[in-house]
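Those letters in the sequence shown? Residues 80 to 232, per the numbering used here, in order.
Heads up: the structure comes next, in structure tokens.
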Amino acid sequence: MAQPRVVTIHYTLTNNEGEQLDSSRVEGREPLSYVEGAQNIIGGLESALTEKDAGDQVKVSVEPSEGYGEVNEELVQPVPRSAFEGVDTIEPGMQFQAQTPGGPQIVRVVEVGDDTVTIDANHPLAGETLHFDVEVVETREATDEEQEHGHVH
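This is the structure we're talking about:
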């Protein structure tokens, strides 16, 4: 099996409407580096970049199943307002870290009622087809430490 690589990319992410959702090409941002096979980036993007080298340009559309998944309606649920003890103002769009049986999870407020707050624990990009415009900046072999830790040093 080949030695895993560290791949460094510049990318711009847009949605189906062409709205820019994220970009490493913004002033002050560095390119993104990841270790292949360590699940540092979504699977659909990583698959499209396998065996690409520095200088390669790739445009790829990633369906939800290879991105952040489909929207799971069970992850949208009302919780008692008392669960937000100590928070004076709760508004749609706010994010909180909730403690779940599976560990900490980020939830987004979607609706605020008198007694309940509806939260959504889906990833904000769940259900979205993601469009990436990528330039591979650099590739190199991952160090033993990077492989062991699963991230770039």
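Even for Gly, the Cβ is constructed at its ideal location relative to N, Cα and C.
Asked                                                                                                                                                : Found
Hey, would you say L124 sits closer than 9 Å to G97, going by beta carbons?                                                                          : no
Go ahead and pull the three-state DSSP assignment for D212.                                                                                          : strand
Can you tell me whether DSSP reads P143 as helix, strand or coil?                                                                                    : helix
Can you give me the Cβ contacts of F163 inside the same chain, cut-off strictly under 7 Å, excluding the 5 residues immediately before and after it? : I169 and V196
So for G107, helix, strand or coil by DSSP?                                                                                                          : coil
Do you know how far the Cα of H228 is from the Cα of T93?                                                                                            : 30 Å
I need the boundaries of the alpha helix (DSSP H) containing E66, first residue and last residue.                                                    : Residue 66 is absent from the structure shown; the chain starts at 80 and stops at 232.
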